[in-house]
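Residue numbers (the working numbering), protein chains in the order written: chain Z, 1 to 312; chain B, 1001 to 1312.
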């Protein structure tokens, strides 16, 4: 069997996790190169990626969704098939159009990972199957995140002046989960609690706490718990933690569907999902079905070389 | 918007549930007729179904999987698109071939419902994403059924001579669930307990108990609890119960995926899934993608008329 030749773009937490998963699944995949814009030992300069266009079947694109992916992707998709975990829900349509306008005879699968990704699949299936009666107060699917480390929120706190290091745990509220499970509708800001552990000098803590609590989009209007901890404590308990997870619920008043994810490592699982969609990517190329896809556009059997009939 | 014109074949518990769901979703669906081989008030004789071939977009086929579906389906699929919940896992491939050989320019979606159906989807996704290391004792996805009423097992007990009525509850064992959740591998026969409530005369109970416990495929080799109850007690507590549910687990040692279903009515939920796949059926016809499909072959976005991008 010919193995799928993989390139990884970006060598942060997610890129490293992709390299790990590819090496674990070496029967099916071969890592050709890791590309980085920075000079990192063991990586190839991103500027040289065109030289690899006939040597790679799928690129796993592991760069930031906010600023990097929209810039990097148009350069990649003319010559390469790609799988990414673009996670800016609000900008997804714009991102897809951007890729389409530069794409060659290639396949790009965008927004894989777990949210967007596996959680999106669940929301789509749950809402297609469970349709609450029109006179019902029930809503379509509802999502909880956590308990786990939000890298985005952790970074937002780290950017505050005077913060030496910080981590933010997203904690779904137990009473909100129970309420949603029986069909109540709860606003997103009431579903979660945001718990921060911050290293900072004593004299700056009041100001920092104030800045966290009032930070728009990230913390303002939500239940926030802030704990200042010593450098030693942070090193011991919080450094390098990547666990995450979450829940998707559906309830039409008669049937309950519930999907739960518990992850030791958010980047590792995201990489597992991306690698499964790399298989889908190759199958779509074989069928000459070029274009840009989300997880909603791909039939489950494309994700695996196994005989799915045995699983039905 | 043109509504989808639905025909229902079979008027047992599932057929009735389909009629209920169609009437609840009358914005999208129109019930044209219910077909039955028996003379039932409000139904059309199945022998007259050909007269409806231009009046129906999708038939929801609600006949038994063991003996009825393999006989009835070849007659239907030359003129109609169909969605069924064929649930004989072992005979699925044979069933698909049978349909293919009689199919016109139509779409048939087989094995929808929840198992096969939604649980199959979960097993496929879980196993595609979570791949335990080769030196691991972990297995791919594992399924539990219950706590709920198994119609198949209830019928098997009812067929025993001297049984006036009976119901069988499939109960997943709590310790087995916990063991599977942390990655242990448990044989199917050790995962569930089968609890029967049986109405029978005192003098026949010993023989009936013996026949249940030794019944191959259904009860032999499994943990079985048999309770003889009075007619009055059966009427009060067990008549007309249809609740069911179950769990699908995936665990690669680092990530846990878990899907839980809790159903007030097994037939109602099965009908909800069939109706969602009726939408998929129409979309596939519009795209002229004729053929026989399982849930593994259909991209999630086909199941709904909603804009799925908003759910990603």
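In this text, a Cβ means the ideal position worked out from N, Cα and C, and glycines have one as well.
Item to check | Buried versus exposed call for residue 1233 of chain B [16 or more other C-beta atoms within 10 Å across all chains shown] | outcome: As a first step, residue 1233 of chain B must be located in the second chain, where it is residue number 233. Per the 10 Å Cβ criterion, exposed.
Checklist entry - How far does the beta strand (DSSP E) with residue 263 of chain Z in it reach, from first residue to last? => result Working through the first chain from its first residue, we reach residue 263 of chain Z at position 263. Looking at the DSSP string, the run of the beta strand (DSSP E) that includes residue 263 of chain Z is 255-263.
Next on the checklist: Between Z:246, Z:7, Z:54, Z:123, which has its C-alpha nearest residue 264 of chain Z's C-alpha?
Outcome noted: Numbered from 1 along the first chain, position 264 holds the residue referred to as residue 264 of chain Z. Considering only alpha carbons, the answer is Z:246.
Item to check | Buried or exposed (CB count within 10 angstroms, at least 16 for buried), residue 1258 of chain B | outcome: The sequence position of residue 1258 of chain B within the second chain is 258, counting from 1. So residue 1258 of chain B ends up on the buried side.
Item to check | residue 1261 of chain B: contacting residues in chain Z (beta-carbon distance under 9 Å) | outcome: Residue mapping note: residue 1261 of chain B aligns to position 261 of the second chain, counting from 1. Residues of chain Z passing the Cβ test: 255, 256, 257, 258.
Checklist entry - Anyone know if the C-beta pair for residue 1110 of chain B and residue 1099 of chain B falls short of 8 Å? => result Working through the second chain from its first residue, we reach residue 1110 of chain B at position 110. Working through the second chain from its first residue, we reach residue 1099 of chain B at position 99. Cβ distance < 8 Å, so residue 1110 of chain B and residue 1099 of chain B count as in contact.
Item to check | Contact list for the stretch 90-105 of chain Z against chain B, Cβ threshold 9 Å | outcome: 92, 93, 96
Item to check | Span of the beta strand (DSSP E), counted from its first residue to its last, around residue 231 of chain Z | outcome: If you number the first chain from 1, residue 231 of chain Z lands on position 231. Looking at the DSSP string, residue 231 of chain Z is not in any beta strand (DSSP E); the run it does join, the alpha helix (DSSP H), is 231-237.
Checklist entry - Taking C-beta to C-beta, are residue 4 of chain Z and residue 282 of chain Z nearer than 8 Å? => result Counted from its first residue, the first chain places residue 4 of chain Z at position 4. Counted from its first residue, the first chain places residue 282 of chain Z at position 282. Cβ distance < 8 Å, so residue 4 of chain Z and residue 282 of chain Z count as in contact.
Checklist entry - Can you list the residues of chain D that residue 1052 of chain B reaches, using a CB-CB cut of under 7 Å? => result Here the protein chains are Z and B, and chain D is not one of them.
Item to check | Contact between the stretch 1282-1293 of chain B and the stretch 1021-1036 of chain B (3+ Cβ pairs under 8 Å) | outcome: no
Checklist entry - Within 8 Å (strictly less), CB to CB, does residue 16 of chain Z reach chain B? => result The sequence position of residue 16 of chain Z within the first chain is 16, counting from 1. For residue 16 of chain Z, the answer is no, since every Cβ of chain B falls outside 8 Å of its Cβ.
Checklist entry - Among the residues of its own chain, which have a CB less than 7 Å from the CB of residue 226 of chain Z, if the five just before and after it don't count? => result Walking along the first chain from the start, residue 226 of chain Z turns up at place 226. Around residue 226 of chain Z: 196, 198, 209, 212.
Next on the checklist: For residue 1067 of chain B, tell me which candidate among B:1055, B:1236, B:1095, B:1054 has the shortest Cα-Cα distance.
Outcome noted: Position 67 of the second chain, counted from the first residue, corresponds to residue 1067 of chain B. Checking every option, the nearest Cα to that of residue 1067 of chain B belongs to B:1095.
Item to check | Continuous alpha helix (DSSP H) stretch holding residue 1246 of chain B: start and end | outcome: Indexing the second chain from 1 puts residue 1246 of chain B at position 246. Not the alpha helix (DSSP H): residue 1246 of chain B falls in the beta strand (DSSP E), residues 1244-1251.
Item to check | Alpha carbon of residue 86 of chain Z to alpha carbon of residue 18 of chain Z, nearest angstrom | outcome: For the purposes of this step, residue 86 of chain Z is identified with residue 86 of the first chain, where counting begins at 1. For the purposes of this step, residue 18 of chain Z is identified with residue 18 of the first chain, where counting begins at 1. About 15 Å.
Item to check | Coarse secondary structure for residue 1036 of chain B, derived from DSSP in three states | outcome: Here residue 1036 of chain B refers to the residue found at position 36 of the second chain. In this structure, residue 1036 of chain B counts as strand in the three-state DSSP scheme.
Checklist entry - In three-state terms, what does DSSP make of residue 1013 of chain B? => result As a working mapping, residue 1013 of chain B is identified with position 13 in the second chain. Of the three classes helix, strand and coil, the one that applies to residue 1013 of chain B here is helix, per DSSP.
Checklist entry - So with Cβ pairs under 8 Å, would you call residue 269 of chain Z a contact of chain B? => result Here residue 269 of chain Z corresponds to residue number 269 of the first chain, with the count starting at 1. Answer yes: the Cβ-Cβ gap between residue 269 of chain Z and chain B drops below 8 Å somewhere.
Checklist entry - Are the stretch 1062-1076 of chain B and the stretch 1289-1298 of chain B touching, with three or more C-beta to C-beta distances below 8 Å? => result no
Item to check | Buried or exposed by the 16-neighbour rule on C-beta atoms within 10 Å, applied to residue 1106 of chain B | outcome: On the second chain, position 106 is the one that residue 1106 of chain B refers to. By the neighbour-count rule (16 or more Cβ atoms within 10 Å), residue 1106 of chain B is buried.
Checklist entry - At which residues does the beta strand (DSSP E) containing residue 1109 of chain B begin and terminate? => result Reading the second chain from its first residue, position 109 is the one you call residue 1109 of chain B. Where residue 1109 of chain B is concerned, the enclosing beta strand (DSSP E) stretches over 1107-1109.
Checklist entry - Within the 8 Å Cβ cut-off, does residue 213 of chain Z reach chain B? => result Numbered from 1 along the first chain, position 213 holds the residue referred to as residue 213 of chain Z. No - not a single Cβ of chain B is within 8 Å of the one on residue 213 of chain Z.
Checklist entry - For residue 1192 of chain B, does the count of other Cβ atoms within 10 angstroms reach 16, so buried, or fall short, so exposed? => result Here the question's residue 1192 of chain B lines up with position 192 in the second chain. The residue is buried, with at least 16 neighbouring Cβ atoms inside 10 Å.
Item to check | Interface residues of the stretch 1011-1036 of chain B facing chain Z [CB-CB below 7 Å] | outcome: 1024, 1025
Next on the checklist: Quick check on DSSP: helix, strand or coil for residue 1228 of chain B?
Outcome noted: As a position in the second chain, residue 1228 of chain B is number 228, starting the count at 1. Residue state, collapsed to three classes: strand.
Item to check | From B:1113, B:1077, B:1207, residue whose alpha carbon lies closest to that of residue 1267 of chain B | outcome: Here residue 1267 of chain B corresponds to residue number 267 of the second chain, with the count starting at 1. Here the closest residue by C-alpha is B:1113.
Checklist entry - Which of helix, strand or coil does DSSP assign to residue 1031 of chain B? => result Looking up residue 1031 of chain B in the second chain gives position 31. It is a strand residue.
Checklist entry - Which residues of chain B have a Cβ atom closer than 9 Å to the Cβ of residue 278 of chain Z, listed in chain order? => result If you number the first chain from 1, residue 278 of chain Z lands on position 278. Going along chain B, no residue has its Cβ under 9 Å from residue 278 of chain Z, so there is no contact; the nearest lies around 11 Å.
Checklist entry - Hey, does residue 220 of chain Z have any beta-carbon neighbour from chain B nearer than 8 Å? => result Along the first chain, read from residue 1 onward, the residue named residue 220 of chain Z stands at position 220. So no, residue 220 of chain Z is outside the interface.
Checklist entry - Who are the Cβ neighbours of residue 1058 of chain B in its own chain at under 8 Å, not counting the five residues just before and after it? => result For the purposes of this step, residue 1058 of chain B is identified with residue 58 of the second chain, where counting begins at 1. 1004, 1005, 1006, 1007, 1080, 1081, 1082, 1083, 1278, 1281, 1282.
Checklist entry - So, is residue 135 of chain Z buried or exposed, given that buried needs 16 or more other C-beta atoms within 10 angstroms? => result Here residue 135 of chain Z corresponds to residue number 135 of the first chain, with the count starting at 1. With fewer than 16 other Cβ atoms within 10 Å, it is exposed.
Checklist entry - Out of Z:299, Z:130, Z:55, which has the shortest C-alpha to C-alpha gap to residue 1294 of chain B? => result As a working note, residue 1294 of chain B is residue 294 in the second chain. Cα-wise, what sits closest to residue 1294 of chain B is Z:299.
Item to check | Residue of B:1078, B:1115, B:1052, B:1024 minimising C-alpha distance to residue 310 of chain Z | outcome: For the purposes of this step, residue 310 of chain Z is taken as residue 310 along the first chain, with counting starting at 1. For the residues B:1078, B:1115, B:1052, B:1024, the minimum Cα distance to residue 310 of chain Z belongs to B:1115.
Next on the checklist: Since residue 241 of chain Z and residue 149 of chain Z should fall inside the 8 Å C-beta cutoff, what is the C-beta to C-beta distance between them, to a whole number of angstroms?
Outcome noted: Locating residue 241 of chain Z in the first chain gives position 241, counting from the first residue. Locating residue 149 of chain Z in the first chain gives position 149, counting from the first residue. Yes, residue 241 of chain Z and residue 149 of chain Z are in contact; Cβ-Cβ is about 5 Å, under 8 Å.
Checklist entry - List, in order along the chain, the chain B residues whose C-beta lies closer than 9 Å to that of residue 82 of chain Z? => result What you label residue 82 of chain Z is simply residue 82 of the first chain in a count that begins at 1. Within chain B, no residue comes near residue 82 of chain Z; the closest Cβ sits about 17 Å away, beyond 9 Å.
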